[in-house]
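Only one structure is covered here, and it is reproduced in the block below.
In the working numbering, the protein residues as written are 1 to 212.
Below, the structure written as structure tokens:
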């Protein structure tokens with residue numbers, strides 16, 4: 001029975017890593033729509049997002065089945081609890097990438113603001129990679145690295161907001177676009193927040209100790 005449970009746990013973790021990796025594929029596509037005007041990628045993003053939704057439902061069902069059949073305890077149960085808590089975060093990450101792309105339609109982005117948005121989208125990919133490593137290797141240090149990346153995304157979002165306020169003050173005719181860019185920036189920042197939620201759960205899974 002232990003071998004069966006171990007395999008079930010590996011399957012659940014691998015499926016979760018695959019779900020995160022699927023969302024990770026969306027970041028470059030979202031950046032292409034946002035910064036490159038590649039509108040044709042929007043439908044692909046929506047299709048991938050539907051894949052993510054289906055993954056969420058399947059992984060949740062599998063985890064609940066494992067709990068019911070094997071009644072896991074200690075770190076095994078913490079792993080399944082971690083995954084179940086993370087599923088909504090991962091699903092929302094995909095939703096927000098779609099929102100970024102949808103809000104980018106027919107939007108003119110000032111050249112001065114592009115570096116902020118580009119860096120934020122790049123940082124999301126890097127943060128996702130660190131998060132996958134943290135989960136795959138039970139690596140608390142990588143989870144902490146992901147948290148530091150989220151701090152940078154937050155800082156970039158604050159800078160973007162300040163720039164946009166300046167644009168609205170100096171050019172009232174661009175208020176509509178500026179507000180749209182604020183929504184985009186907020187969506188990117190929220191993706192980082194959802195990854196932060198996952199990263200913060202890794203230490204408890206690994207050590208069994210809650211950190212204050």
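Just so it is clear, CB atoms sit at the ideal spot from N, CA and C, and this is done for glycine as well.
- Secondary structure of residue 113 (DSSP, three-state): coil.
- Residue 210 carries a coil assignment under DSSP once its states are collapsed to helix, strand and coil.
- Residue 118 carries a helical assignment under DSSP once its states are collapsed to helix, strand and coil.
- A Cβ-Cβ separation of about 10 Å leaves residue 126 out of contact with residue 24 under the 8 Å criterion.
- The region 70 to 155 is shown to contain whole alpha helix (DSSP H) runs of 4 or more residues at 74 to 103 and 114 to 137, in chain order.
- Our two residues, residue 167 and residue 161, have alpha carbons roughly 10 Å apart in a direct line.
- With a 10 Å radius around the Cβ and a threshold of 16 neighbouring Cβ atoms, residue 142 comes out buried.
- With the rule of 3 Cβ pairs closer than 8 Å, the region 69 to 88 does not count as touching the region 100 to 118.
- Under the three-state reduction of DSSP, residue 50 is assigned to helix.
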